[in-house]
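Which chain is which? The protein sequence lines are Y and G, in order.
Here my numbering is used: the first residue of the first sequence is 0, the next is one more, and so on.
Here my numbering is used: the first residue of the second sequence is -3, the next is one more, and so on.
Every residue gets a Cβ at the ideal spot worked out from N, C-alpha and C, and that includes glycine.
What follows is a short report on a single structure.
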Amino acid sequence: DAGVIQSPRHEVTEMGQEVTLRCKPISGHDYLFWYRQTMMRGLELLIYFNNNVPIDDSGMPEDRFSAKMPNASFSTLKIQPSEPRDSAVYFCASSSQAGVGYNEQFFGPGTRLTVL
Amino acid sequence: GDSVTQMEGPVTLSEEAFLTINCTYTATGYPSLFWYVQYPGEGLQLLLKATKADDKGSNKGFEATYRKETTSFHLEKGSVQVSDSAVYFCALSDQGGSYIPTFGRGTSLIVHP
């Protein structure tokens, strides 16, 4: 398996523009997570899905952020409009609940977002 | 709720020195414990895990023992290398809870030649 795939790897945009980050989880995994990592706040869980359904979006910072998972092999995180404080590395991760007590997460390489 | 506390970094060591990164946790159920590592420019990857009390996880010379009595899962390595320079995250997944992992803040390790 190719692992979790994210695109783009780097994104530079101007304030006010729409940004869409993409993720393909590992085939067969039924959980998908979106995280944001910054020096100030560390690793933050934004939202997670189970079987394509959003379960908890309490970590989404504000209404400018939205996430979808139209099918088991694809998810998007959208920021509209983007602001400089959204600059961060965004990670997608997937996992399987199969195997009680062993819920390893598999992370993608991340998307480094810079909003000017 | 569940929480993980790690020692603050950065931890700076010379090559071949002994490493300990402390991790303590709070959980309402029966957690599994993990150490993840993040190399520069990459995502996190699982380093080792332990699923019950007194289990020892090990990988690449790193070890951690699940200590229920002290609610700890300290990471150790006997002789670090420059290539071990990375950020290390302690995490738990509570089997009695939501199964969603809780991560610590991460500890940066810098190893000098």
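I think Y:G41 touches G:G102, with their Cβ atoms under 8 Å apart; what is that distance to the nearest whole Å?
Against the first sequence, residue 41 of chain Y aligns to sequence position 42. Against the second sequence, residue 102 of chain G aligns to sequence position 106. Right, their Cβ atoms sit about 6 Å apart.
Is there a Cβ of chain G sitting closer than 9 Å to that of Y:P60, yes or no?
Position 61 of the first sequence, counted from the first residue, corresponds to residue 60 of chain Y. No, its Cβ sits nowhere closer than 9 Å to a Cβ of chain G.
Select from the region 37 to 52 of chain Y all residues with a C-beta closer than 8 Å to any C-beta belonging to chain G, and list them in chain order.
Per Cβ criterion, the list reads G41, L42, L44 and Y47.
Interface flag, Y:E103 vs chain G, CB-CB below 9 Å
By 1-based counting over the first sequence, the position of residue 103 of chain Y is 104. For Y:E103, the answer is yes, since a Cβ of chain G falls inside 9 Å of its Cβ.
Distance check for G:K52 and Y:L121, CA to CA, integer angstroms please.
A query on residue 121 of chain Y cannot be resolved here, the shown segment of chain Y reaching from 0 to 115 and no further.
Any chain Y beta carbon closer than 9 Å to G:S28:
On the second sequence, residue 28 of chain G is found 32 positions in, with the first residue counted as 1. Judged by the 9 Å Cβ criterion, G:S28 is in contact with chain Y.
Per DSSP, what kind of secondary structure is G:P27 in: helix, strand or coil?
Numbered from 1 along the second sequence, position 31 holds the residue referred to as residue 27 of chain G. Here G:P27 sits in strand by DSSP.
Quick one: what's Y:T110 bridged to in DSSP?
In the first sequence, counting from the first residue as 1, residue 110 of chain Y sits at position 111. BP columns for Y:T110 point to Y:Y89.
Comparing C-alpha positions only, which one of Y:W33, Y:D56, Y:A71 and Y:P53 sits nearest to Y:I25?
As a working note, residue 25 of chain Y is residue 26 in the first sequence. It is Y:A71.
Going by the CB atoms, is the gap between Y:S81 and Y:C63 shorter than 9 Å?
Along the first sequence, read from residue 1 onward, the residue named residue 63 of chain Y stands at position 64. Along the first sequence, read from residue 1 onward, the residue named residue 81 of chain Y stands at position 82. As written in the sequence, residue 63 of chain Y is Arg, which differs from the Cys given in the question. With contacts defined by Cβ atoms closer than 9 Å, Y:R63 and Y:S81 form a contacting pair.
Distance, Cα to Cα, G:M3 vs G:W31?
Looking up residue 3 of chain G in the second sequence gives position 7. Looking up residue 31 of chain G in the second sequence gives position 35. Their backbone Cα atoms lie some 13 Å apart in a straight line.
Considering only the alpha carbon of each residue, which of Y:K67, Y:E61, Y:R8 and Y:E43 lies closest to Y:P53?
In the first sequence, counting from the first residue as 1, residue 53 of chain Y sits at position 54. Taking only the C-alpha atoms, the option nearest Y:P53 is Y:K67.
Output yes or no for whether 9 Å exceeds the beta carbon distance between G:K48 and G:Y62.
As a first step, residue 48 of chain G must be located in the second sequence, where it is residue number 52. As a first step, residue 62 of chain G must be located in the second sequence, where it is residue number 66. Judged by their CB atoms, G:K48 and G:Y62 are nearer to each other than the 9 Å cut-off.
Classify G:S79 as helix, strand or coil using the three-state DSSP reduction.
What you label residue 79 of chain G is simply residue 83 of the second sequence in a count that begins at 1. Helix.
Figure out for me which residue from Y:R35, Y:N51, Y:E103 and Y:N49 has the closest Cα to the Cα of Y:M59.
Residue 59 of chain Y sits at position 60 when you count from the first residue of the first sequence. Of the candidates Y:R35, Y:N51, Y:E103 and Y:N49, the one whose C-alpha sits nearest the C-alpha of Y:M59 is Y:R35.
Can you find a CB in chain G that lies within less than 9 Å of the CB of Y:G107?
Locating residue 107 of chain Y in the first sequence gives position 108, counting from the first residue. So, interface residue.
In chain G, which residues lie with their C-beta within 9 Å of the C-beta of Y:F90?
In the first sequence, the residue the question calls residue 90 of chain Y occupies position 91. Per Cβ cutoff of 9 Å: G39 and L40.
Give me the Cα-Cα distance between G:V7 and G:L105, rounded to the nearest whole angstrom.
Indexing the second sequence from 1 puts residue 7 of chain G at position 11. Indexing the second sequence from 1 puts residue 105 of chain G at position 109. Using only the alpha carbons, I get a separation of about 5 Å.
Would a check of beta-carbon distances place Y:F32 closer than 9 Å to chain G?
Reading the first sequence from its first residue, position 33 is the one you call residue 32 of chain Y. It does; some Cβ of chain G falls within 9 Å.
Can the beta-carbon of Y:V3 be found less than 9 Å from the beta-carbon of Y:T113?
Walking along the first sequence from the start, residue 3 of chain Y turns up at place 4. Walking along the first sequence from the start, residue 113 of chain Y turns up at place 114. Pairing Y:V3 with Y:T113 gives a Cβ-Cβ distance that is not under 9 Å.
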